[in-house]
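Comments concern the structure below.
Numbering (the numbering used here), first residue to last: 85 to 691.
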């Protein structure tokens, strides 16, 4: 008998699969479908959720079966889904006066029904431009924020509800409780899902897809590829799995040697290492554009894989390629039909996707999040030293160097800096501070309202408490155009950052060794301070902004569970002092910034 589920229609939100993850955490199966899926294919649903998305309800390009709204199946609309219900059922959707991205205070009218167990004042996460100004007939307003008059609405008789905020992200403090209320109290769902069941199902799926063939897997050494490697070894046996670690020349200091030794100790004798650093560096030596960089890395990985198959005499007709792709990779690459591309992951480039379509690639983890991958790793018997490692990107430090040809930025940032000066003046007055700020000409990738942003960081100089950082970050991100990150200056060779200029930064051996040295210092100091178990991931970025002939270093420590949303980790002052004491001895370090941007609007990596 087919298992009953919560069905989610994906309108392109970066968080659609996070909704599914939250529901699966409750022990209920949740599956995702395209928005045009007809009601006839959703009959076996406890309830239906309409996701968020980057589009406006007044755009006609997205198809949707309106019969779903009159099906007597419980429905929850999130963000765009909330607006779609309103639009199709006779309410009113308008453009908001301001963009609302970040933490907001929700005023709940009554803490009962779908809001049972929640407080009258709740912290929620917003990510929208349009908003509902008038609910449809028969719907009651259930909650509001200062900038959103209908932050939630509901029709108890029809069991249809809408929320403008995102209950699925961790920044909404009681979002899981809200989802739990919908799943169990409104939909009446039963607990029938767990990771053990997933493991059973994926074992059958892998055996069916692989058949008599063998599996070739690129093992970066990170959590995802390691768990994928362990899973395949368990299901198929060592004789049918061949792991290859490629040293692309942009790993951490001595990382490739450590990876090989680690797997050897665990008995994985079916892992080989190839040094392809010369090939990668040659292809990337003049590349500045971050998207082009990722695509070259993805293509080169495949080229090295083909060369390796020849070297080790592996017949391509007898082998299938495996990847440790997890769902955040596919979402940020625009992998769902209506999702905006935030950044193309190296394992989602065109050449890889063509192999996927031809059935030559298997991706056992592609529907899982990082926390689920770790649970799966435990199930297949991998030790904590592997499954609890900090995530590290497949392209390595190549995407942690923001490349530039050194040319002056064409667009003036006078307007942005004027806006930032005005905002900081008000913030100083309200909080009795004396901080300064600059919008820097560096650019990085981000996400706002389910859409990709490619914008500038704001650098703030002066003493700020954690609460002040948490307050200032969203203010700058929401009010200053073309800014998607906010950083604090923790070391600078000059007091006035406007005296700096863009410098030339390419993927040379010298620059790679420089970042390896800087990154190694940060990693060592993090472990000395016992922060490695508190911090989920700690990227260290080298950026082409110079104050005295060198570069800018960005510290990006974050807390997260599944990589879809993150909070910055508040670095202790003693860690900063000890780390800066070592970093400022390096001649090429001109400026060190601490990135205190949450995701959204800033992705974990800068590229």
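Ideal Cβ positions, reconstructed from N, Cα and C, are used throughout, including at glycine.
Notebook entry, point to check: residue 233 lies in the beta strand (DSSP E); which residues open and close that run?
Noted result: 232–239
Check: In three-state terms, what does DSSP make of residue 388?
Finding: helix
Item checked: Simplified DSSP assignment, three categories, for residue 155 -> coil
Next item on the list: Compute the Euclidean distance between the alpha carbons of residue 473 and residue 280, then round it to the nearest angstrom.
Entry: 22 Å
Checklist line | Which listed residue (453, 347, 304) has its alpha carbon closest to that of residue 333 | finding: 304
Notebook entry, point to check: At which residues does the alpha helix (DSSP H) containing residue 246 begin and terminate?
Noted result: Note, residue 246: premise wrong, no alpha helix (DSSP H); beta strand (DSSP E) at 244–247.
Item checked: Burial state of residue 610 (16 or more Cβ within 10 Å) -> buried
Item checked: Backbone CA spacing between residue 251 and residue 206 [nearest angstrom] -> 11 Å
Check: Taking all protein chains shown into account, do 16 or more other C-beta atoms lie within 10 angstroms of the C-beta of residue 396, making it buried, or fewer, making it exposed?
Finding: exposed
Item checked: C-alpha distance - residue 101 paired with residue 339, whole-angstrom precision -> 32 Å
Checklist line | Span separating the alpha-carbon of residue 221 from that of residue 234 | finding: 14 Å
Note to self: Just to confirm, is the Cβ distance from residue 298 to residue 324 under 9 Å?
What the structure shows: yes
Check: So, does the CB of residue 246 fall closer than 9 Å to a CB anywhere in chain B?
Finding: Among the chains of the structure shown, chain B does not appear; only one protein chain is present.
Next item on the list: Can you tell me which of 130, 145, 567 puts its alpha carbon nearest to the alpha carbon of residue 157?
Entry: 130
Checklist line | Same chain only: Cβ atoms within 6 Å of residue 654, ignoring 5 sequence neighbours per side | finding: 550
Checklist line | Cβ-Cβ distance between residue 119 and residue 308 below 9 Å | finding: no
Note to self: Here's the rule I'm using: 16 or more other beta-carbon atoms within 10 Å means buried, otherwise exposed. How should residue 491 be labelled?
What the structure shows: exposed
Notebook entry, point to check: In the structure shown, what three-state DSSP assignment does residue 163 receive?
Noted result: coil
Check: Among residues of its own chain, excluding the 5 on either side of residue 553, which ones have a beta-carbon nearer than 6 Å to its beta-carbon?
Finding: 680
Check: For residue 540, which of helix, strand or coil comes out of DSSP?
Finding: strand
Notebook entry, point to check: Taking Cβ to Cβ, would you say residue 595 is nearer than 9 Å to residue 485?
Noted result: yes
Next item on the list: Could you tell me the distance, in whole angstroms, from the CA atom of residue 172 to the CA atom of residue 111?
Entry: 32 Å
Notebook entry, point to check: What did DSSP end up calling residue 635 once you bin it into helix, strand or coil?
Noted result: strand
Check: To the nearest whole angstrom, what separates the beta carbons of residue 482 and residue 368, a pair I think is in contact under 8 Å?
Finding: 6 Å
Notebook entry, point to check: Would DSSP call residue 259 helix, strand or coil?
Noted result: helix
Margin query: Taking the alpha carbon of residue 589 as the reference point, which residue from 600, 607, 523, 630 has its own alpha carbon closest?
Written below: 630
Note to self: Please tell me whether residue 639 and residue 570 are closer than 9 Å, where the distance is taken between their beta carbons.
What the structure shows: no
Margin query: Mapping the DSSP letters down to three states, classify residue 485 as helix, strand or coil.
Written below: strand
Notebook entry, point to check: Among 293, 342, 351, which residue has its Cα nearest to the Cα of residue 448?
Noted result: 293
Margin query: Whole angstroms are fine: how far does the CA of residue 582 sit from the CA of residue 132?
Written below: 52 Å
Next item on the list: Report the rounded CA-to-CA distance for residue 506 versus residue 657, giving the unit in angstroms.
Entry: 28 Å
Note to self: Below 8 Å on the Cβ atoms is my contact criterion, and I expect residue 521 with residue 544 to pass it. Report the Cβ-Cβ distance as a whole number of Å.
What the structure shows: 5 Å
Checklist line | Cβ-based neighbour list, residue 195, same chain, cut-off 8 Å, excluding 5 preceding and 5 following | finding: 201, 202, 203, 204
Notebook entry, point to check: Straight-line CA distance for residue 501 to residue 623?
Noted result: 27 Å
Next item on the list: Output the boundary residues of the beta strand (DSSP E) element that contains residue 573.
Entry: 567–576
Next item on the list: Measuring alpha carbon to alpha carbon, tell me which of 636, 673, 672, 614 ends up nearest residue 659.
Entry: 614
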